[in-house]
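Asks:
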Amino acid sequence: MAAIEVHETIDGFRATLDRARASGATVGFVPTMGYLHDGHVSLMRAAKGANDLAVASIFVNPLQFAADEDLSTYPRDLERDLDLSAAAGVTHVLHPSVEEMYPTPILTTVTVADITRRFEGASRPEHFAGVATVVAKLFSMVGPCRAYFGEKDFQQLAVVTRMAADLSMPVEVVGCPIVREPDGLAMSSRNVYLSPEQRAAAPVLHRALTEVVAAAEAGEDDVAVLRARLVDLVAGEEEAALDYAEVVDASTLEPAVDLAGPRRVLVAAHFGRTRLLDNMGISAPGV
Numbered sequence: 000m001a002a003i004e005v006h007e008t009i010d011g012f013r014a015t016l017d018r019a020r021a022s023g024a025t026v027g028f029v030p031t032m033g034y035l036h037d038g039h040v041s042l043m044r045a046a047k048g049a050n051d052l053a054v055a056s057i058f059v060n061p062l063q064f065a066a067d068e069d070l071s072t073y074p075r076d077l078e079r080d081l082d083l084s085a086a087a088g089v090t091h092v093l094h095p096s097v098e099e100m101y102p103t104p105i106l107t108t109v110t111v112a113d114i115t116r117r118f119e120g121a122s123r124p125e126h127f128a129g130v131a132t133v134v135a136k137l138f139s140m141v142g143p144c145r146a147y148f149g150e151k152d153f154q155q156l157a158v159v160t161r162m163a164a165d166l167s168m169p170v171e172v173v174g175c176p177i178v179r180e181p182d183g184l185a186m187s188s189r190n191v192y193l194s195p196e197q198r199a200a201a202p203v204l205h206r207a208l209t210e211v212v213a214a215a216e217a218g219e220d221d222v223a224v225l226r227a228r229l230v231d232l233v234a235g236e237e238e239a240a241l242d243y244a245e246v247v248d249a250s251t252l253e254p255a256v257d258l259a260g261p262r263r264v265l266v267a268a269h270f271g272r273t274r275l276l277d278n279m280g281i282s283a284p285g286v
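Pasting the structure below:
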């Protein structure tokens with residue numbers, strides 16, 4: 000297990016990575032809000048496998064939480080997070096205070112248009128500006144690197160990828176596959192909020208996605224039929240309150256009208272007060 004160094008200041012973290020690159024090392028970066036699970040660990044392993052140095056951040060970002068969301072109760076366990084990070088090969092972790100990240104009231108934010116206006120952006124209007132702003136700050140602190148994000152938050156991955164490209168950041172954004180529990184539930188730090196009944200019901204999202212994607216890959220090419228089937232499958236679970244279900248263009252996240260290109264099926268639902276999301280790609284015949 001690699002030794003791990005925790006940096007509480009931005010300047011110290013930045014200087015460490017600048018020295019590493021000056022000696023010829025490549026950097027793989029995994030931004031997190033902590034309370035790590037195997038999904039995060041898979042990103043860290045990917046960063047370690049493709050780079051000389053794997054680093055991470057652990058910071059619960061207040062900008063991406065609305066007033067009625069779970070900022071104060073968001074799960075935290077720094078000691079466990081550091082153990083998991085070290086075991087995955089991470090050697091440096093940025094763990095700043097809110098005051099270190101935002102020493103004065105922030106007047107500058109980053110907004111990515113169009114791809115943020117639907118789905119998560121419609122359900123959580125403050126969310127993506129908060130995500131884009133903190134990720135832009137983190138990319139500035141880390142410097143040239145590969146940055147690893149899970150595909151579970153597929154819209155977030157699209158937002159960060161577009162932001163880095165539009166702003167000519169020296170960062171290669173790498174999307175990594177969703178890591179799931181044995182029953183198919185996508186791993187999430189918020190899964191701990193689920194009651195036993197809700198936890199038993201939550202894999203309906205994966206089952207619904209699997210059935211709809213299988214139908215598409217078997218030849219069903221009517222997007223309206225696929226969308227309606229996805230809605231019906233989730234609605235059949237009484238513990239689930241559907242937020243959205245859609246087949247989208249994987250590049251633009253606009254609702255798809257056909258399957259003539261890369262497509263992604265997105266779904267989000269509430270299980271009690273816990274909101275879960277999931278997605279799956281379609282590899283339709285001829286695409």
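Using numbering that gives the first Met the number 0, count along the sequence shown one by one with no gaps and you end on 286. Where a beta carbon is used, it is the ideal one built from N, C-alpha and C, also for glycine. Since the structure is predicted, the reported quantities are computational estimates derived from the model, not experimental observations.
#1: Assign S167 to buried or exposed, taking buried as 16 or more other Cβ atoms, counted over all protein chains shown, within 10 Å of its Cβ.
#2: Taking the C-alpha atoms as reference points, what is the distance between S139 and E237?
#3: Cα separation between V26 and T103?
#4: If we require 3 or more residues per run, which beta strand (DSSP E) segments fall completely within the stretch 52–134?
#5: Helix, strand or coil, according to DSSP, for V286 in the structure here?
#6: Counting along the chain, where does the beta strand (DSSP E) carrying M32 start and finish?
#7: Give the range of the alpha helix (DSSP H) segment to which A2 is assigned.
#8: I'd like to know whether the C-beta atoms of L204 and L275 end up nearer to each other than 8 Å.
#9: Any idea what DSSP makes of N190, helix, strand or coil?
#10: Residues in its own chain within less than 6 Å of I177 by CB, not counting five upstream and five downstream?
#11: Here's the rule I'm using: 16 or more other beta-carbon atoms within 10 Å means buried, otherwise exposed. How should L16 be labelled?
#12: Going by C-alpha distance, which of V54, A53, D113 and H126 is nearest A65?
#13: Closest by CA to A85, which one among V158, L35, R75 and A14?
#14: Spatial neighbours of M100 within its chain, please: CB distance less than 8 Å, with the 5 preceding and 5 following residues excluded, ordered by chain position.
#15: With DSSP collapsed to three states, give me the class of E171.
#16: So, for I281: in the same chain, excluding its five sequence neighbours on each side, which residues have a beta-carbon less than 6 Å away from its beta-carbon?
#17: Pick helix, strand or coil for V247, following the three-state DSSP scheme.
#18: Roughly how many whole angstroms lie between the Cα atoms of S194 and A267?
#19: Between the Cα of L258 and those of F270, E245 and L70, spot the shortest distance and give me the residue it belongs to.
Replies: In this structure, then:
#1: exposed
#2: 45 Å
#3: 29 Å
#4: 52–57 and 89–93
#5: Here the model assigns V286 a pLDDT of 45, short of 50, so the residue's position is not dependable, and the following value carries that caveat. It is coil, neither helix nor strand.
#6: Note, M32: premise wrong, no beta strand (DSSP E); not H, not E.
#7: Counting along the chain, A2 falls outside any alpha helix (DSSP H), and DSSP gives it neither H nor E.
#8: yes
#9: helix
#10: E150, K151 and A185
#11: buried
#12: H126
#13: L35
#14: I9, F58, N60, V133 and K136
#15: strand
#16: V212, A215 and R262
#17: strand
#18: 18 Å
#19: E245
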